[in-house]
Amino acid sequence: MSNRLALLLLALFFAGCAAQPVRHCPGKTNADEAIAVLKLRREKAAPIRATGQCLLRYHAEGKVRKENFPVKLWVNPPNEIYLQGDVAFDATGLVFGSNADEFWFWLRPKEVSSYWSGKWSQAGIWNGLAASPVIALEAFGAVDMRQGDWTLSRDGSMDLLVLRNSRGVIIQKIYIETCDYVVKKIERFDESGDIYLMAEFAGYEKAAESFFAPSRIKIAAVSEKGGEDSVEITLSSVKPAELSSRQRERLFVRPLPRGFNHIYHVIDGKALEQEQ
24 MSNRLALLLL ALFFAGCAAQ PVRHCPGKTN ADEAIAVLKL RREKAAPIRA TGQCLLRYHA
84 EGKVRKENFP VKLWVNPPNE IYLQGDVAFD ATGLVFGSNA DEFWFWLRPK EVSSYWSGKW
144 SQAGIWNGLA ASPVIALEAF GAVDMRQGDW TLSRDGSMDL LVLRNSRGVI IQKIYIETCD
204 YVVKKIERFD ESGDIYLMAE FAGYEKAAES FFAPSRIKIA AVSEKGGEDS VEITLSSVKP
264 AELSSRQRER LFVRPLPRGF NHIYHVIDGK ALEQEQ
């Protein structure tokens, strides 16, 4: 089974929607201005809960598989997220969770039956895994604008922020709609400049005071051969959430793995299977 499947346990989709009137806005004049707006959105990001439908496409046992199932989602920016999907008549057949220190996710169907977990500080970049939970949170306003060589240009009607490494290789692109200044797409590249992860966001709706969140998101893990696995989720309800300490412990504290055929711990960019 491809490790890229782990990337898909996050969420969310860009789907076709009715045509909207085209607006033209000037955008920002430099990278510092654009980054300042995204940082302000991160500060305004609020806890939310949502329900929706998920379409999961992935490779397992040499075959392309599809699962379509309902999901529930809780987000507490900037670090905590929990998603559960009802897969194969199991209400928690798919789960992804994270907090400030670690992440975990699993698929229970017998064809996969795997549990992954790791510390953020030790994860490295495992087929883009380290970036993936960040993207899931970025979808809800918690864009992590790390220090680096950011530049701003235009791509059609959108502002485009580009981050390069010390060798000048592009490692991240952020496409921003200039009127409402919301993120429409994020692309991440490895140290060789090859894309490994793409996320698209659409259907932004007001989720809390001065805070808007997308209702459709797609996250795709791109293979070296050009194929991809993907998660597409359409949220039908996005509402503000008030999370008690007990709820946060239930949602955002990693549970021990029980009943899985495969258990993996991610260290320094490698998923190491553990003895049971």
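Under my numbering, think of the first position of the sequence shown as 24, with each following residue one higher. Ideal Cβ placement from N, Cα and C applies to all residues, glycine included.
Item: R277 and G120: beta carbons closer than 8 Å?; Value: yes
Item: Say whether the region 187-202 touches the region 230-247, bearing in mind that this needs 3 or more beta-carbon pairs closer than 8 Å, one atom from each stretch.; Value: no
Item: Below 8 Å on the Cβ atoms is my contact criterion, and I expect Q76 with V94 to pass it. Report the Cβ-Cβ distance as a whole number of Å.; Value: 7 Å
Item: Run the CB neighbour count on A154, radius 10 Å, all protein chains shown included, and call it buried at 16 or more, exposed below.; Value: Legend: pLDDT at A154 = 42, less than 50; position of this residue unreliable, no value from coordinates given.
Item: Suppose you measure from the CA of L190 to the CA of I209; what does that come to, to the nearest Å?; Value: Note that residue 190 corresponds to Arg in the displayed sequence, not to Leu. Distance between the alpha carbons of R190 and I209 is about 21 Å.
Item: Could you tell me the distance, in whole angstroms, from the CA atom of E134 to the CA atom of Y287?; Value: 16 Å
Item: What does the Cβ neighbour count give for Q107, buried or exposed, with the cut at 16 atoms within 10 Å?; Value: buried
Item: Can you find the residues in the same chain that come closer than 7 Å, C-beta to C-beta, to E90, ignoring five residues on each side of it along the sequence?; Value: L79 and V110
Item: Measuring CA to CA, which of P263, E296 and N284 is closest to A68?; Value: P263
Item: What are the boundary residues of the beta strand (DSSP E) that A59 is part of?; Value: Careful: A59 lies outside any beta strand (DSSP E), inside the alpha helix (DSSP H) at A54 to K67.
Item: Going by other Cβ atoms of all chains shown within 10 Å of its Cβ, with 16 needed for buried, is T52 buried or exposed?; Value: exposed
Item: Express the C-alpha separation of V118 and F283 in angstroms, rounding to a whole number.; Value: 13 Å
Item: Looking only at C-alpha atoms, which of E265, A236 and Y219 sits nearest to Y227?; Value: A236
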